[in-house]
Amino acid sequence: VSSCVLAGNAIWNATAIACSLMVMIYATSAVSGGNLNPAVSFALGLTGNLEWPQVFKYWVAQILGGVAASGFALGIHAPHTVSLGPVTPFSGSHAMLVELIYTC
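All letters in the sequence shown, in the order written, are residues 236 to 339 by the working numbering.
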């Protein structure tokens, strides 16, 4: 995914994200039910489908996995970097609203 972003090909960015997410869900479904998002873990905790001690364990694993993945991506693409964030005319609040809508 980071390679697609660096290449600047907007058509393949979404496809790369979707394909990698699909593979990750298939690969982890037997272990965690394919639960890879802290917001989903929170929702499962709220609905009682996942015990809260398990939710916290998932959060730690999910956040550490994200940090490790970003470090790996930075390592393989250094010194080239990409600014990830909303672009004009959108702001951080727009991005958070869209993330909330798509997650729920």
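All residues carry an ideal CB built from backbone N, CA and C; glycine is no exception.
In the three-state scheme derived from DSSP, where H, G and I count as helix and E and B as strand, G301 is classed as helix.
Straight across, the Cα-Cα distance linking V333 with P321 is about 11 Å. Fully enclosed alpha helix (DSSP H) runs of no fewer than 4 residues occupy 273-282 of the region 249-289, in order along the chain. In the three-state reduction of the DSSP assignment, G243 falls in the coil class. Of all C-beta pairs linking the region 300-314 to the region 277-287, fewer than three are shorter than 8 Å, placing the two stretches out of contact.
A274 is positioned such that its CB atom lies closer than 7 Å to that of T338. At least 7 Å separates the beta-carbon of V258 from that of V317. Residue burial is scored here from C-beta neighbours: Y293 has at least 16 other C-beta atoms within 10 angstroms and is therefore classed as buried.
Counting C-beta atoms within 10 angstroms of its own C-beta, N244 has fewer than 16 neighbours from the protein chains shown and is therefore classed as exposed.
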